[in-house]
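S.K.: Sequences listed follow chains A, B, C and D, in order. Heads up: the first sequence begins at 0 in numbering that gives the first Met the number 0, then just goes up one per residue. Heads up: the second sequence begins at 0 in numbering that gives the first Met the number 0, then just goes up one per residue. Heads up: the third sequence begins at 0 in numbering that gives the first Met the number 0, then just goes up one per residue. Heads up: the fourth sequence begins at 0 in numbering that gives the first Met the number 0, then just goes up one per residue. We put the CB at the ideal spot given by N, CA and C, even for glycine.
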Amino acid sequence: MSTTVNSNAGASASASTSTRGSDGRVFSYYPGCSQMAMNRAYDVSTRSVAARLGLELVELEDWNCCGATAYVAIREEQAFVLSARNLALAEQAGRPLVTACSGCFVVLNKANKYMAEDPELRSDITRALAAGSMRYRGTVAVRHFLDVVVNDVGEETVRAQVTRPLTGLKVAAYHGCQFSRPFGERADPEFPDTMDRLVNWLGGETVPFALKAKCCGGLMMTTQPDVGRALTGKILKAAKEAGADCVITCCPLCQFNLEGFQRRVGAAVGCDCALPVLYFTQLMGHAFGLDARALALGDSLTPVAELLHREAVHS
Amino acid sequence: MPDQQFEPKIVGFLCRWCSYTGADLAGTSRIQYPSNIAPIKVMCSGRVDPTFVITAFADGADGVLIAGCHPGDCHYSVGNYKAMRRFPMLAKLLDQFGIERARLRLEWISASEGHLYADLVKSFSEEVRALGPLRWKQRIAPLCESVDIARSQAATV
Amino acid sequence: MAVASLDLREVFLQKLYSIPNGRKVNECIQCGTCSASCPTSHAMDYSPREIIAALRAGMLDRVLRSNTVWLCSSCYSCSVRCPAGIPFTDVMYELKRLGVKHRIGDKGAPNTVMAREFVHLVDRRGRNHEPALIRQYFLHTNPLRALRQFPLALRLWWRGRMPLRGHTIKGAAGLRRMMAAIEENGSK
Amino acid sequence: MIAQDEKIGVYVCHCGTNISGTVDVSAVAEYARTLPGVAIVREYKYMCSEPGQDLIRKDIEELNLTRVVVSSCSPLMHEVTFRKACNDAGLNGFLFQMSNIREQCSWVHDDRERATAKAKQLLAAAVLRVGQQVAMEERIVPVRPETLVIGAGIAGIEAAVRLADAGRKVYLVERLPSIGGHMAQFDKTFPTLDCAACILTPKMVSVGQHPNIELLTYSEVEAITGYVGNFRVRVRRRATSIDPTKCVGCGLCWEKCAVKKVPSEFDAGMSMRTAIYVPFAQAVPNKPVIDREHCLHFTRGKCGICQKTCPADAIDFDIQDEILDLEVGAIIVATGFTLFDAGELARYGYGRLDNVLTALQFERLSHASGPTGGEILTKSGERPGAVAILHCIGSRDENHLKYCSRVCCMYSLKFAHLVREKTHAEVYNFYIDMRAFGKGYEEFYRRVMSEGVHFIRGKAAEVSTVAETPEEEGKLIVVGEDTLLGVTRRIPVDMVILASGMRPAEGTEKLARILSLGCTRDGFYLEKHVKLAPVDSPSDGIFLAGACTGPKDIPDAVAQGAAAAAGALSLIDKGRVIIEPITSEINPEVCAGCQLCIMTCPYTAIHFDSERNVSVITEELCKGCGTCVAGCPSGAARQKSYEDSQIYAEIEGVLA
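(1) Determine the direct distance from the alpha carbon of Asp552(D) to that of Val406(D), and round the result to whole angstroms.
(2) I'd like to check one pair, Gly500(D) with Leu400(D): are the Cβ atoms closer than 8 Å?
(3) Ignoring anything shorter than 3 residues or poking outside the stretch 220-266 of chain D, list the beta strand (DSSP E) runs there in chain order.
(4) Excluding five sequence neighbours on each side, which residues of the same chain lie with their C-beta closer than 6 Å to the C-beta of Arg434(D)?
(5) Counting only C-beta atoms, is Val11(D) closer than 8 Å to chain B at any point?
(6) Keeping to the same chain, check which residues put their C-beta closer than 7 Å to that of Arg111(D); ignore five residues upstream and five downstream.
(7) Can you name the residues of chain D whose CB is closer than 7 Å to the CB of Phe190(A)?
(8) Which residues, in chain order, does the stretch 76-94 of chain C contribute to contact with chain D at a C-beta distance below 7 Å?
(9) Looking only at its chain, what residues have a beta carbon closer than 6 Å to the beta carbon of Ala367(D), apart from the 5 residues adjacent to it on each side?
(10) Could you check whether the Cβ of Leu515(D) sits closer than 8 Å to any Cβ belonging to chain B?
(11) Helix, strand or coil, according to DSSP, for Gly20(A) in the structure here?
(12) With C-beta atoms as the reference, is Leu483(D) less than 8 Å away from Arg446(D)?
(13) Which term fits Ala115(A), buried or exposed, when burial requires 16 or more other beta carbons within 10 angstroms of its beta carbon?
(14) Does any residue of chain D bring its CB to less than 8 Å from the CB of Ala237(A)?
(15) Which residues of chain C have a Cβ atom closer than 9 Å to the Cβ of Gly284(A), listed in chain order?
(16) So within the stretch 579-642 of chain D, which uninterrupted beta strand (DSSP E) runs reach at least 3 residues, ignoring any that extend past its ends?
(17) As a quick exercise: from Gly84(C), His128(C), Cys71(C), Arg124(C), pick the residue whose alpha carbon is nearest that of Leu218(A).
(18) Are the C-beta of Ser463(D) and some C-beta of chain A separated by less than 8 Å?
(19) So is Leu654(D) buried or exposed if we call it buried at 16+ other beta carbons inside 10 Å?
(20) Any chance the CB of Thr273(D) is under 7 Å from a heavy atom of the ligand ZN?
(21) Quick one: grab the DSSP three-state call for Asn428(D).
(22) Quick check on Val234(D) - is its C-beta less than 8 Å from some C-beta in chain C?
(23) Going along chain D, which residues have a C-beta under 8 Å from Met42(B)?
(24) Taking the beta carbon of Gln95(B) as the centre, do at least 16 other beta carbons fall within 10 Å, making it buried, or is it exposed?
(25) Residue range of the alpha helix (DSSP H) that Glu472(D) falls in?
(26) For the stretch 537-557 of chain D and the stretch 165-177 of chain D, state whether three or more C-beta atom pairs, one from each stretch, are separated by less than 8 Å.
(27) Near Ile581(D), which residues of its chain fall below 7 Å by C-beta distance, leaving aside the five closest residues on each side in sequence?
(28) Which residues, in order along the stretch 190-214 of chain A, keep a beta-carbon less than 8 Å from a beta-carbon of chain D?
(29) Using only CA atoms, which one of Lys119(D), Arg113(D), Val126(D), Ala134(D) lies nearest to Cys85(D)?
(30) If we cut at 8 Å on Cβ distances, does Ala35(C) have a partner in chain D?
(31) Would you list the one or two residues that DSSP bridges to Val169(D)?
(32) Spell out whether any CB of chain C is found under 8 Å from the CB atom of Val386(D).
(33) Exposed or buried, which one is Arg48(C) when buried takes at least 16 other CB atoms within 10 Å?
(34) Does DSSP put Arg351(D) in a helix, a strand or coil?
(35) Is the beta carbon of Pro181(A) sitting closer than 8 Å to the one on Val79(C)?
(36) So who's on the other strand from Val462(D), going by DSSP bridges?
Here it is as structure tokens:
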């Protein structure tokens, strides 16, 4: 008899923690370091569109670096501690964790999975967290903001918000690597169509874009510029050749690589690579009728405002 | 720390069609697992009389495994469902005797799942090892005058 | 004279086998899917497939001295395609860490610097601060190249994308204690 | 308890070093001498060999052994062997017991001391158990002479024809409208390059005309009951909407059919068919069926043009599915394979890019009666200048098919040859390992190499359309590492053929449930023994043939079809079969009449005798699961060979 009672209690306890998050409206929001500096436009526009979609993003209190790529390359377990601290904070808040940065998403998600799979790692990390008086039980779901918008919020709600449909706008939906790889939980790891669906709901169209999940070169744009430029160049060239008016991204590093070096990248691949590059959140916000300031369009290094202005004339 | 010296004795009632064949497959595939389990072949997990389980515990087993075909795959259509339905009652009986429920497991192993059988024996052996010896004579025997009484209780399950 | 001693190989294998599916390197069928899927393999001394062949041949030294590991951008293309299920991106991380720790593999210098500076920043503040990271990076690698980046930096600064001050998290002290604890664990 | 006067012989087998390598056999034998009732203990290198069995026979005769225990391999392997040896020497075979110290001991434990200890436990269990066993008569039942063959691909056809030629009645059940299976779709066959139709069609015709074969196409097996020698089979014949006695197969109906855009299954989607159709010209039976999913009469309630056109008045929209109940003695399962869906691997572009074909599509493209009349053309109708063949699509891949599909290397070579021969195009094979193991296969590989086909050792990573050079413009670019060079190559081609692997046919799992067959992790049927009983299923009287147990090429499928026929024939010809006495009985003296057993029995084998107020088991219906015994509160029910006392003895033994 006692076990029945216990299992019921367990079920209701877990139900209550998950309901707070899984009503799909309230999330712990993890901006990521990059969105505090060079890519703050992503943070600004993410918050703006979330509000429109009725998603409550509560910034994770005192979040720290996710333990990103560059960190894992030096120290592994420490990187897991960094991830785990964020996960512990989210668990305390009792909400699923959402981030718009693909890099942070992969690192946090991977740490979460590896800790669940590997008891030894879990106990090491638990001990480390305890040294800072924290604890992580492994109950947090890590989500990408794009995935939440498309798969949770969904077509109906998104369409309902559109006041300036993107009629006639041809978009190259560049998903990059780390949105759907390595786990491919919510989208094909090589040919994700998440943003394609979204653009369609916003009234625009996406061009067939074979390189939509190929690598932009990541940090190599800085450390191995030749390699980085070649990769970014291929992507921009292919987007242009596919007839795109602009490229949209869902990762700050992709965004920066694609928009920041277009002249030198063009020289590297021998073609004109000038093309507006913007976050999917900016494009979505524009379709929702949000103003340039709410989307930090002024931050762009490419003529995004001009593009959208032209587009606005269209519609 | 679990007692490293303690080697639990586990009796496994394996259905001839799925689990016994699966255990044979672990052998032909040379998948290693702990020697704590001693298999007893029955035609169907549905044949496993609760008294077998109690007898095994009374005779010195520290753990008992009942393994049959996956639900829906029973060679006799529904024998494993009977085993499944009997199981909670058997677990309650163990409660009465103060035997930890974790000492008894009902699992589904198909004829092709030699690797799963090996994994199962590994994990179950560790679990029973962590529980320590059952000590039927000291712990349970005083509760019932004779094993026969225990058996007769089981027979009513 | 091989720098990577037998011991180091042992250490590496132990670490490699501890990551989920790390043992699968032994099941590589040398099909080359990884190499042909890798966006940067053309610039590598050894392709990912060759790295696995070298690892299995015990030539860790050759692996660590190559530029390959530092050209991995963690795009996971190899990992999702590998028919043997080898988590190759994780293997690369393990090699990066080993190279950094034992200071083998000069060819990766710029990337090592980038990664080290990143770690310094995060250890101190709890977060990265991109402008500081980039400043430190160019200071330690090629200050002249920094000059060439100046126009871009200016454009960014002009748009408010180069804030001068970084943020230090409130829990920085607690985080340092956690790091100390895991460090201690690792040295055991 | 073992009686005083028992004389038990115990034989411990070394099995070469299979057992003795891990288990200290002498120590086990020594231990056996301490067990109650044991009169003689011997150890021997191979107990199952003739000299090994002789030891038992001699001891029974000379020492008057009353019971025998052999400690060796799994009883599923050799129980029958030793039981027979006992019978031969005049000891009832049911006074024999086996302990499995190989599959479940020496092969799975590497610690010698522990393995030896366990071998002792298992032996003790067998000795105590055998003491409880009783002499029984074997149950002999007659075997019906008919055989059911499920699946009419080349393996099923071969099996059916062999049996029918031996004068036995065969029911051949096929899910599709025609027999022939995949082989009927093929163009040429490797390595001899004879045309598939030329060698298959005569066989198909003979199936259609054979007096001993009852062909049930467009039909599926729905249920099977009974046991070896006496199966009852329920078959659903799907309504074809055609009266076969009237139809002459003139073809007017499908010429007039208004629905013309159904992708042809037979042409792997490369052409369109009508709603009333014959899958291909050489179909057997050569009479159409109406595909009710597409027929306008059934989907919209209008149209009936075929009916109006038919000169024989053979079309009847009111024909219903028909249920047939058959009785057979043996069953041969030959349900074959289906192609791995290359669409699962988006990177190769199947379904996304034009001119990326599956192997079956290429077979149809190259086939003289295919959509292009056998000309190899791109979608735009041009001859390709370069063709790439990508091996191992889905196969040898942890994420998809873990196994090698066995036939793809060879059919890829065949494709390469056909492309060279018909178009003179450059052909590039991207392969991981070339597997050419069969008769004449390596020679064929050499021949194709000599024809100038390019072989690139490396698995293709993707098919791209993003050109990096002018030569790549408008082409399919195959990207793969040439691992022998250590260089990633980009080969621009006009056509890509994906050498997709083989997976179990659709419905394999469902049929497994109907027949109580096991499947491997890959989903193929599990054989009784992968080497020594490759066409036997674990269930007596059910045989397996062809690709339903794993990928096979035509010669292997044919060999298995014939072997399965031989298995069925030897069972049928014997006319009777020995059934292990494992059925249950209810002791009317003890039965309280509670009828719990009646509720637990899966076979309605128990009825209530209200006159005597007891439950009674009908032996013919009982399959021996023992569930009623476990559930009987009064202990009235007992199961032969698995008596409570025997299990208790075994428990005592393993815990001794």
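M.R.: The answer reads as follows:
(1) 6 Å
(2) yes
(3) 229-236
(4) Cys408
(5) no
(6) Thr21, Asp23
(7) Ala345
(8) Arg80, Pro82, Ala83, Gly84
(9) Gly373
(10) Here the sequence assigns Ser to residue 515(D), which means Leu is not the residue at that position. Closer than 8 Å: yes.
(11) Legend: pLDDT at Gly20(A) = 41, less than 50; position of this residue unreliable, no value from coordinates given.
(12) no
(13) exposed
(14) yes
(15) In chain order: nothing, as chain C lies at least about 18 Å away.
(16) 583-585, 605-608, 613-616, 636-638
(17) Cys71(C)
(18) yes
(19) buried
(20) What this structure holds is no ligand at all, so the ligand ZN is not there to describe.
(21) strand
(22) no
(23) Ile581, Gly623, Cys624, Gly625, Gln638, Tyr641
(24) exposed
(25) It is not in any alpha helix (DSSP H) - Glu472(D) carries neither H nor E in the DSSP assignment.
(26) no
(27) Gly623, Gln638, Lys639, Ser640, Tyr641
(28) Phe190, Ala209, Leu210
(29) Ala134(D)
(30) yes
(31) Thr146(D), Ile212(D)
(32) no
(33) buried
(34) coil
(35) yes
(36) Val477(D)
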